[in-house]
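For the sequence shown, the numbering used here assigns the number 357 to the initial residue and increments by one for each residue that follows. The beta-carbon is built from N, C-alpha and C at its ideal position, and this holds for glycine as well.
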Amino acid sequence: MAFFCFLALFNQAVAKQDTTKLIKVEHAEPLYIDLIRDLGARKGEKEWNVGLGIQDNLNYDEIELLVEYEWAVANRLGLEIEVPVSLYSKNSKASVDKQPSHAVEGIKTAFQWTFLVNPKLRTSMAFGYINEIKFTDLNAIATNNIFAGNNFNPFLVIAKRIGAHYHSLVYTGPQFYKSFGNKNWESSYDINTNFHYMIPSSRNFIGLELNKTFSNEGFDIMLRPQMRVSIADNLIVGIVSGIPVNRENKRFQSFLRLIYEPGHKH
């Protein structure tokens, strides 16, 4: 309820702004852990994302599917809804059947508010929150509650242009998971740092996304070299590779993101 009150007040405060004159600094957006909306988003902007990823693990392969819709309900305020799906198959390296169950992972809802846009410093900052209701594995729904737990994830984004074509971005925040089946809480902390080079006079870029996670199980880091290619004015393809640094059970990963922006004008 508090969030919807905030949304109504924020929307009323910016309703009289001229959207076409609203200051916005262009930043390269990471392709794996992406943003809820562009930093400094203008009211009415929207975007569909379809993602497909394949992760080679020690004993099984994981296919990651996702569909998400994000839109700016007000100037600098974006919302998102996402449904991720995970499918598993045993690979040739498995000596026993250790693969998890197929799962519709949950429903993610999120908001992101850009509270700072500074063209002189070429810097933008945003605060956001992702809430994910986790579903029970498909093979256990018949004997368990359909909802397994809830994941809470507040985050902060700091992005800075370095010169005309180089982009840097930090996406960081804690994650808390509460299972509905017991009183235990799980927690971790993510720091995602990103560096990109934007090809002049285009929306294409190449770059590196570093996903780092601190948890009770230790420290994990994944290197994700990536590139973004504009196929049409409103259609973009993102190609990502995942290289684990110190994850014993994970191997090479590939991920493809298709981005469609209805109504987008260059």
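{"Item": "In its own chain, which residues sit with a C-beta less than 6 Å from the C-beta of tyrosine 616, not counting the 5 before and 5 after it?", "Value": "Trp404 and Leu591"}
{"Item": "Helix, strand or coil, according to DSSP, for alanine 464 in the structure here?", "Value": "One point to set straight first is that residue 464 is lysine, not alanine, in the sequence displayed. Of the three classes helix, strand and coil, the one that applies to lysine 464 here is strand, per DSSP."}
{"Item": "Taking its Cβ as the centre, do 16 or more other Cβ atoms sit within 10 Å of glutamate 438, making it buried, or is it exposed?", "Value": "buried"}
{"Item": "So, for asparagine 548: in the same chain, excluding its five sequence neighbours on each side, which residues have a beta-carbon less than 6 Å away from its beta-carbon?", "Value": "Ile389, Tyr527 and Asn567"}
{"Item": "Tell me whether the beta-carbon of leucine 579 lies closer than 8 Å to the beta-carbon of isoleucine 599.", "Value": "yes"}
{"Item": "Put aspartate 417 into one of helix, strand or coil per three-state DSSP.", "Value": "strand"}
{"Item": "By how many angstroms is the C-alpha of leucine 612 removed from the C-alpha of glycine 409?", "Value": "6 Å"}
{"Item": "Residues in its own chain within less than 6 Å of glycine 619 by CB, not counting five upstream and five downstream?", "Value": "none"}
{"Item": "Which value, in whole angstroms, describes the spacing of the CA atoms of asparagine 447 and threonine 569?", "Value": "26 Å"}
{"Item": "Can you pull the DSSP bridge partners for alanine 430?", "Value": "Leu433"}
{"Item": "Leaving out five residues on either side along the sequence, give the residues of the same chain with a beta carbon under 6 Å from the beta carbon of valine 441.", "Value": "Leu421 and Val460"}
{"Item": "Per the DSSP calculation, arginine 517 is bridged to which residue(s)?", "Value": "His523"}
{"Item": "Just to check my reading of the structure: serine 524 and phenylalanine 551 have Cβ atoms closer than 8 Å, yes? What is that Cβ distance to the nearest angstrom?", "Value": "6 Å"}
{"Item": "Pull up the DSSP beta-bridge partners for serine 610, would you.", "Value": "Ile410 and Ser597"}
{"Item": "Between His521, Asn538, Lys380 and Tyr425, which has its C-alpha nearest glycine 563's C-alpha?", "Value": "His521"}
{"Item": "For arginine 398, which three-state DSSP category applies?", "Value": "coil"}
{"Item": "Note down, in chain order, each residue of its chain lying with its Cβ closer than 6 Å to the Cβ of glutamine 455, except the 5 sequence neighbours on either side.", "Value": "Tyr416, Tyr444 and Lys446"}
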